[in-house]
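Shown next, in structure tokens, is the structure this report addresses.
Number of protein chains: 2
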Amino acid sequence: MTKSKPTVEISATEHKATIAREARRVTSYDVALVAGVSQSAVSRCFKPGASVSKSTYARVMKAASLLDYIPNAAARSLITRRSNMVAVIITNQANLYYPELLAELSQQLTARGKRVLLFTLARETDVDRVLADVWQFQVDGVIAAARLTDLHIAEFERRHMPLVLFNRTLRERAVNTVTCDHLEAGRMLVSRLAAAGHRRFGIIAGTEDSTVANERRRGACERLAELGLPPPVVVPGQSDYRSGGAGLKAIIEQMGRVPDAIICGSDVMAIGCLDCARHELGIDVPGRLSVAGFDAVEPSNWLSYNLTTLRQPMPKMATAAADLLCAVIDRHESQAERRVFSAQFIEGATARLTPVPTPVVATSGGMRALVAIM
Amino acid sequence: MTKSKPTVEISATEHKATIAREARRVTSYDVALVAGVSQSAVSRCFKPGASVSKSTYARVMKAASLLDYIPNAAARSLITRRSNMVAVIITNQANLYYPELLAELSQQLTARGKRVLLFTLARETDVDRVLADVWQFQVDGVIAAARLTDLHIAEFERRHMPLVLFNRTLRERAVNTVTCDHLEAGRMLVSRLAAAGHRRFGIIAGTEDSTVANERRRGACERLAELGLPPPVVVPGQSDYRSGGAGLKAIIEQMGRVPDAIICGSDVMAIGCLDCARHELGIDVPGRLSVAGFDAVEPSNWLSYNLTTLRQPMPKMATAAADLLCAVIDRHESQAERRVFSAQFIEGATARLTPVPTPVVATSGGMRALVAIM
DNA sequence: TTGTATGCGTTATCAC
DNA sequence: GTGATAACGCATACAA
């Protein structure tokens, strides 16, 4: 009986002690030793769909669990050239205003076997600094909700790094993007407001470098021009609450009167504008002034606001971004694709959306606008 | 002239083409070849504080930049046993309500040379599933803003994985924690409200498994009992906006009248409660009813609300968590430490904080409470 | 199905 | 200061 099979448990405990003494990690080789098989057999047991006999599998798994063995992803990625990590580059701003974006992305990517390595930017211009890290960490791909320049994109191509831009576009290059049609959203909003007879518009824009807010503004201005309405008074904003109130005052000052409608580059500014109008200036909204925003952030549908706004279909967009990226990573689809989603109009109650039942006099301008869009 | 030194540039371009043809990554060996040095020399050039001559350094860096070489973090971590990645485990809930937490953590950890690998939980109970991944990815440490059981903690210890709990505690084990003193916050709030003469309290609790909301409730109840005030009517909530309104109605129904004050487990519920009181039930706040919350989320200080609440010092707490974790990782500090921060009282305008200038009759109960806390 | 041998790209150790 | 060489922990081609 010299060849009596060593009890797995005893060997495992002993071996575990040895490993602890040597202060090293548990490796597949250790498991192999305890299970009495080769290291490659262990490796195969942890690869789904590999050919292993039932008995070997059982022995290996038992040993692995006794030793608390977990495969080392770093070593694996070294040889498979897959880290199963995806970098998400997002500005603090974006994360603050759309927390659900990160949650959805994380959820969707996890469902596809990828983990999120987070890169946050204090400013949009910090991209260069984080990109260096992105290359180091050998991520399988990148989802960027930040402004990348043509040069950045070129580097992605040079390094064959799959990339999906989220709510950013770049005309110069063919690149995968997932966006909401902010231009269309801006136009849609103006159409609805104009149809209700609004003529004098004010616009509180987002920060200079916010492409999203810029597109919205551009869409609104375009549509206003098409309808033959007077050009809006546009004032700058920082996309925050304060900018809403400040913007409202600036518009009134510049216009010399309260406008018919104010379009804000984001809901938070719209809420700031609304609060300022109602609680500071005593302006009746929507009686005397209509206020509308974009995004449909959570507070926008609270009773105190019930904001007229346009919703980006974030969950769908996040899913699309994850799909697109994984298609490139897993199936090497190199054709650039753009997935564009439409914003959904939320009526709310801060904008008058039907024409005033004109008593006697209608301004000819108002009527013209009404006709123009019909 | 057979030994003429090959021009670096030409060699680099050639070599780059070779690498591209072989469809492999650029390695330190490639750089060494182009720079005309050994692979170890290249490695040293990328290790801060290593001993390399100026000229070698320059040659290597030039070659590296020509080849677009970036060290492979996976290979590095394999041998250094440092991934420079930190796992952040956070519930979707928490991320939705405190987006600044993740931003701050990311910021602070980046400043310390660590990257955030994100693990989001749909439910607090999903911890088990993500922990398996955490082990795989060889992170250097974990910051967990999720409920871990005693068993989980045991596994962290077994694997020698540095851990910092964020806003969660565990009495059974000595573990690093960063928390806000929610019990104290609950007590503080009751003290202030009681001092103003409030006697009949309602409490809208958070979800069953929210330790944070539970602590707050416990603190409030404790203090009420100490002050000899009647026990509050406690109703459950989901920490969301809807729960605020629903909770208010439930309390009124259960109490048979409008309470003097309602304490909500979170600001969002407080805002829901406030909106319901004012816009649905027409209750004057703070005239007839005081409403208070916790967290000082952004909307809480908007003009429409100006909520009475208590702020958690998130930036400080995030910094503390990063500090604590890095101390364990880098300096192997094994002594468990608890860093507890106090909440800051924000007066706001939704709770009456001074006694009613009693005309003639003061309820003896109210007076007793007043005396008790002085 | 299983084991042997090799390589992934780096850092660390040691001579020189 | 520099270069050879051995790890690190795993996956895979290949032979058995």
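Chains as they are written, first to last, in the working numbering: chain V, 693 to 1066; chain E, 693 to 1066. Ideal Cβ placement from N, Cα and C applies to all residues, glycine included. On a predicted model such as this, the values are computed, not experimentally measured, just so you know.
Beta-bridge analysis with DSSP links L855 of chain E to E:V834. In this structure, DSSP gives A1010 of chain V a helical state, which the three-state scheme calls helix.
With 16 or more other Cβ atoms inside 10 Å of its own Cβ, K806 of chain E counts as buried.
Beta-bridge annotation (DSSP): C872 of chain V is paired with V:F1033.
T841 of chain V and L862 of chain V have their C-alpha atoms spaced approximately 8 Å apart. C913 of chain E sits away from A1035 of chain E, with the two beta carbons spaced by 7 Å or more.
In the three-state reduction of the DSSP assignment, A953 of chain E falls in the strand class, which pools E and B. Against chain V, a Cβ distance below 9 Å from Q799 of chain E picks out N784, T812 and A814. Counting the other Cβ atoms within 10 Å of the Cβ of H874 of chain V gives 16 or more, which makes it buried. Taking the beta carbon of R850 of chain V as reference, the chain E residues within 7 Å of it are D760, listed in sequence order.
Our two residues, I782 of chain V and T812 of chain V, have alpha carbons roughly 5 Å apart in a direct line. When the beta-carbon positions are compared, V778 of chain V and L801 of chain V come within less than 7 Å of each other. The beta carbon of T1042 of chain E sits closer than 8 Å to the beta carbons of A962, L966, V977, P978, S982, V983, A984, Y997, N998, L999 and T1000 from its chain, once the five residues preceding and following it are set aside; these are given in chain order. The three-state reading of DSSP puts A1041 of chain E in coil, since its state is none of H, G, I, E or B.
The way I'd put it, the stretch 884 to 891 of chain E doesn't touch the stretch 927 to 934 of chain E; fewer than three beta-carbon pairs between them come closer than 8 Å.
Straight through space, the alpha carbons of S732 of chain E and T748 of chain E are spaced by roughly 12 Å. Residues of the stretch 823 to 845 of chain E with a C-beta less than 8 Å from any C-beta of chain V: A824, D825, W827, Q828, F829 and Q830, listed in chain order.
Pairing R879 of chain E with G911 of chain E gives a Cβ-Cβ distance under 7 Å. By the rule that beta-carbons nearer than 7 Å mark a contact, A779 of chain E does not touch chain V. Across the set E:A917, E:S902 and E:R860, the C-alpha of E:A917 shows the shortest separation from the C-alpha of V882 of chain E.
A direct Cα-to-Cα measurement between Y721 of chain E and F829 of chain E gives close to 26 Å. Using a CB distance cut-off of 7 Å, P991 of chain E counts as an interface residue toward chain V. Taking every protein chain shown into account, the CB of D760 of chain E has fewer than 16 other CB atoms within 10 angstroms, so this residue is exposed.
When C-beta distances to chain V are compared with 8 Å, the residues of the stretch 850 to 866 of chain E below that value are R850 and R851, in chain order. According to the DSSP assignment, A824 of chain V belongs to the alpha helix (DSSP H) that extends over V819 to Q828. V808 of chain V sits away from V831 of chain V, with the two beta carbons spaced by 7 Å or more. Ranked by Cα distance from A969 of chain V, the first of V:P928, V:A942, V:A988 and V:W994 is V:A942.
Around the C-beta of P991 of chain V, 16 or more other C-beta atoms lie within 10 Å, and the residue is accordingly described as buried.
Contact fails between the stretch 783 to 797 of chain E and the stretch 763 to 772 of chain E, because fewer than three Cβ pairs, one in each stretch, are under 8 Å apart. In the DSSP assignment, V926 of chain V is bridged to V:I895. Listed in chain order, the non-local C-beta contacts of A1019 of chain E below 8 Å within the same chain comprise E1025, local neighbours out to five positions each way being set aside. Here the alpha carbon of A1028 of chain E sits roughly 38 Å from the alpha carbon of D820 of chain V. Within chain V, the C-beta atoms nearer than 8 Å to that of Y933 of chain E come from E990 and W994, in chain order. Contacts with chain E (Cβ-Cβ distance below 7 Å) from the stretch 1021 to 1038 of chain V involve no residue at all. Beta-carbon to beta-carbon, A877 of chain E and R915 of chain E are separated by about 11 Å, too far to satisfy the 8 Å threshold. Among the residues of chain V, those whose CB is under 8 Å from the CB of D967 of chain E are W994, L995 and S996, following chain order.
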